[in-house]
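The sequence shown begins at 2 in this note's numbering and counts up by one.
Below: one structure, written as structure tokens.
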Amino acid sequence: MPVRLHLVRATPEKSYLIELPELDRTFPLVDVFPDGRILIAGPRCEWRGEGDFDLNGAIVHPTTGEVRRILLGDGISTMQVDDLRRIWIGYLDEGVFGNFGWGFRDGPTPIGAAGLVCFSDAGEKVWEFPENSSYSISDCYALNVSGVDATALFYTEFPICRISSSFELTFRTTNLAGCHALAVSEAEVLFSGQYRDPPDVAYLGNLSPGRLSKIRRLRMLMPDGSARAGGQLLARGKSLYHFDGEKVCRLSLD
């Protein structure tokens, strides 16, 4: 069933509301291109037969309302746009191994079989996590795109993987598992909690050659001094953003 979405863009000086056209996307992920176009992706995408599949990505022109549909694949866990207008997508295990017709019987290989894929703003796949890497991705838990670079954390071994603008990979081992968000600076990484951690737990570590070092367990506190009790955490660049029904809070490595 189509629903109408509204996007709020906020800066320290002002905020404004963008009304989007009705789209049939459930639990959409949203980001904005450098030129102001808006990317909306539905996490699920069904393949029903040759030439019959969902186009689960929509690029919306905020002024004209024009919508262009693209295929981004099933099982999207996280999505961000970089400064070169490239679309970075991490996939959960169903997007890697197949579901909703992808990867079964006569179905094609899942779009997200590599676990992490970079698309052009025309929806063309320009890079995917390489098969010959020393690691493989079964489930992309966290993605942080900043400028023209990306950082990912993935199951099973949860290394930190930094991908340069030219798709060169650098790995660092960690002893963390299950973190779903990470903020990144040149020297440090701030993670959300691990499996079974309460929602106020975070971890801070140093980016040393080949590994994450000096890992410290922290608590995330709200502006009133109370412990973070729930909500959603998203990361971009050096910051973690907390969202709940009443407020947005930012925790930064600056």
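Ideal Cβ placement from N, Cα and C applies to all residues, glycine included.
Practice task
Find the nearest neighbour of A228 within the set H243, C162 and S214, judged by alpha-carbon distance.
Solution key: The residue you call residue 228 lines up with position 227 of the sequence shown. The shortest C-alpha separation from A228 is found at H243.
Handout entry: Completely contained alpha helix (DSSP H) runs for the stretch 50-98, where each covers 4 or more residues
Key = 94-98
Exercise for the section: Identify which residue in E125, A114 and F120 has its Cα closest to the Cα of P131. Expected result: On the sequence shown, residue 131 is found 130 positions in, with the first residue counted as 1. Of the listed residues, the one whose Cα sits closest to P131 is A114.
Problem - Own chain residues within Cβ distance below 7 angstroms of L144, not counting five before or after - result: For the purposes of this step, residue 144 is identified with residue 143 of the sequence shown, where counting begins at 1. Only T79, Q81, W89, G91, A151 and A153 meet the Cβ criterion.
Handout entry: Residues that Y242 bridges to, as DSSP identifies them
Key = The residue given as residue 242 occupies position 241 in the sequence shown. Paired residue(s): L235 and R251.
Handout entry: Collapsed DSSP secondary structure at K126 in the structure displayed
Key = Taking the sequence shown and counting its residues from 1, the one referred to as residue 126 is at position 125. Strand.
Handout entry: For A11, the residue or residues it bridges with in DSSP
Key = Here residue 11 refers to the residue found at position 10 of the sequence shown. Answer is S16.
Handout entry: Residue interval of the beta strand (DSSP E) (run including N145)
Key = Taking the sequence shown and counting its residues from 1, the one referred to as residue 145 is at position 144. D140 to S147 is the extent of the beta strand (DSSP E) around N145.
Exercise for the section: Could you tell me whether the stretch 203-219 touches the stretch 166-183, using the rule of 3 or more Cβ pairs below 8 angstroms? Expected result: yes
Exercise for the section: Compare the Cα-Cα distances from A59 to each of E51, L73 and G52 and report the closest residue. Expected result: One-based indexing of the sequence shown puts residue 59 at position 58. Nearest of E51, L73 and G52 to A59, Cα basis: L73.
Practice task
Buried or exposed for L235, please, with buried defined as at least 16 other CB atoms from any protein chain shown within 10 angstroms of its CB.
Solution key: Numbered from its first residue, the sequence shown carries residue 235 at position 234. Buried, by the Cβ-count rule.
Practice task
Verify whether the separation of the beta carbon atoms of D75 and E95 is less than 8 angstroms.
Solution key: Stepping through the sequence shown from its first residue, residue 75 is reached at position 74. Stepping through the sequence shown from its first residue, residue 95 is reached at position 94. Contact: yes.
Practice task
Determine the DSSP secondary structure at C180, reduced to helix, strand or coil.
Solution key: Here residue 180 is taken as the residue at index 179 of the sequence shown, counted from 1. Here C180 sits in coil by DSSP.
Practice task
Sort out for me which residues DSSP pairs Y156 with in a bridge.
Solution key: For this step, residue 156 is matched to residue 155 along the sequence shown. DSSP output for Y156 lists D140 as bridge partner(s).
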